[in-house]
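Numbering (mature numbering (1 follows the signal peptide of the UniProt record, and there is no 0)), first residue to last: -17 to -1, 1 to 178.
The C-beta atom is built at its ideal place from N, Cα and C for all residues, glycine as well.
Here's the structure we're looking at; comments come further down.
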């Protein structure tokens, strides 16, 4: 009975460990070698890039079997998960740093959870906001809100593309940078950044 109770307590933690996107470090690759990034999730697929043997803060967007989707250059590709070690607290809900961005017009939001967010856009300059932590939706595990004074951002775990490259992202954002003045709604993607 104790074993069953322990398993039930651990299950939410195990589920969280499987959430993507998440940050990983390359491991088990010789110092004179690289971890190949491939066009498809199989070892014989075309090589489209490489990660250094000691690369850290590698964002894995999603997993397919033993392969993880990562960005390399201006496109996305697949790496073998057996050469990646998950970072403690490196999933999207717990990662302290996020970079969000959009195009047409180009804008950028750098988030340090529990501290500051820095928003910049053409003809708007730079605005700084004191922000809290991401708050999970009460009825959806893939939606979060970030509040910071006049800033409101809703971040969702979903496939996202910036529309300018072949890169993929695992988080989308809808952002109101100044709710008091009725500023425009900005939509884009987010990427995890290493602590």
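task: Please work out which residues of its chain come closer than 8 angstroms, Cβ to Cβ, to residue 172, disregarding the five sequence neighbours upstream and downstream, and give them in chain order.
output: The residue given as residue 172 occupies position 189 in the chain shown. Only 83, 84, 85, 143, 144, 145, 152, 154, 155, 156 meet the Cβ criterion.
query: Along the chain, where does the beta strand (DSSP E) that runs through residue 72 open and close?
result: As a working note, residue 72 is residue 89 in the chain shown. Residues 67 to 74.
- prompt: Rounded C-beta distance between residue 139 and residue 126? I'm assuming under 8 angstroms.
  reply: As a first step, residue 139 must be located in the chain shown, where it is residue number 156. As a first step, residue 126 must be located in the chain shown, where it is residue number 143. For residue 139 against residue 126, the beta-carbon gap comes to about 5 angstroms, under 8 angstroms, which counts as contact.
query: Is the distance from the Cβ of residue 52 to the Cβ of residue 100 below 8 angstroms?
result: Taking the chain shown and counting its residues from 1, one reaches residue 52 at position 69. Taking the chain shown and counting its residues from 1, one reaches residue 100 at position 117. Taking 8 angstroms as the Cβ cut-off, residue 52 and residue 100 do not qualify as a contacting pair.
Contact set for residue 103: own chain, Cβ-Cβ below 6 angstroms, skip 5 residues either direction: Numbered from its first residue, the chain shown carries residue 103 at position 120. These residues qualify, in order along the chain: 91, 109.
task: Please go through the same chain and pick out, in chain order, the residues whose beta-carbon is closer than 6 angstroms to the beta-carbon of residue 54, but skip the five residues on each side of it.
output: In the chain shown, the residue the question calls residue 54 occupies position 71. Cβ within range, chain order: 150.
message: Using a 10 Å radius around the Cβ and a threshold of 16 neighbouring Cβ atoms, would you call residue 67 buried or exposed?
response: What you label residue 67 is simply residue 84 of the chain shown in a count that begins at 1. Buried is the call here.
query: Between residue 88 and the rest of its own chain, which residues show a CB-CB distance below 7 angstroms, the 5 nearest in sequence each way excluded?
result: By 1-based counting over the chain shown, the position of residue 88 is 105. Answer for residue 88: 104, 105, listed in chain order.
Buried versus exposed call for residue 98 [16 or more other C-beta atoms within 10 Å across all chains shown]: The count along the chain shown starts at 1 and reaches residue 98 at position 115. Its Cβ having fewer than 16 others within 10 Å, residue 98 is exposed.
message: On the DSSP letters alone, give me the boundaries of the beta strand (DSSP E) that residue 60 sits inside.
response: Reading the chain shown from its first residue, position 77 is the one you call residue 60. First-last of the beta strand (DSSP E) with residue 60: 58 to 63.
field: Residue environment, residue 14, which counts as buried when at least 16 other CB atoms sit within 10 Å
entry: Numbered from 1 along the chain shown, position 31 holds the residue referred to as residue 14. Label assigned to residue 14: exposed.
field: Where residue 174 falls, given that 16 or more other Cβ within 10 Å makes a residue buried
entry: Walking along the chain shown from the start, residue 174 turns up at place 191. By the 10 Å Cβ count, residue 174 comes out buried.
- request: For my contact list, residue 74 and residue 39 are in at a C-beta cut-off of 8 angstroms; report their separation, rounded to the angstrom.
  value: The sequence position of residue 74 within the chain shown is 91, counting from 1. The sequence position of residue 39 within the chain shown is 56, counting from 1. Contact between residue 74 and residue 39 is ruled out by a C-beta separation of about 16 angstroms, above the 8 angstroms threshold.
message: Considering Cα atoms alone, identify which of 93, 19, 23 is closest to residue 37.
response: One-based indexing of the chain shown puts residue 37 at position 54. The candidate whose alpha carbon is nearest that of residue 37 is 19.
query: If you draw a straight line from the C-alpha of residue 160 to the C-alpha of residue 27, how long is it?
result: For the purposes of this step, residue 160 is taken as residue 177 along the chain shown, with counting starting at 1. For the purposes of this step, residue 27 is taken as residue 44 along the chain shown, with counting starting at 1. Residue 160 and residue 27: Cα-Cα distance of roughly 46 angstroms.
- request: Please check the pair residue 116 and residue 95, which I expect to be a contact at CB under 8 angstroms, by giving their CB distance rounded to whole angstroms.
  value: For the purposes of this step, residue 116 is taken as the residue at position 133 of the chain shown. For the purposes of this step, residue 95 is taken as the residue at position 112 of the chain shown. About 11 angstroms separates the two Cβ atoms, so there is no contact after all.
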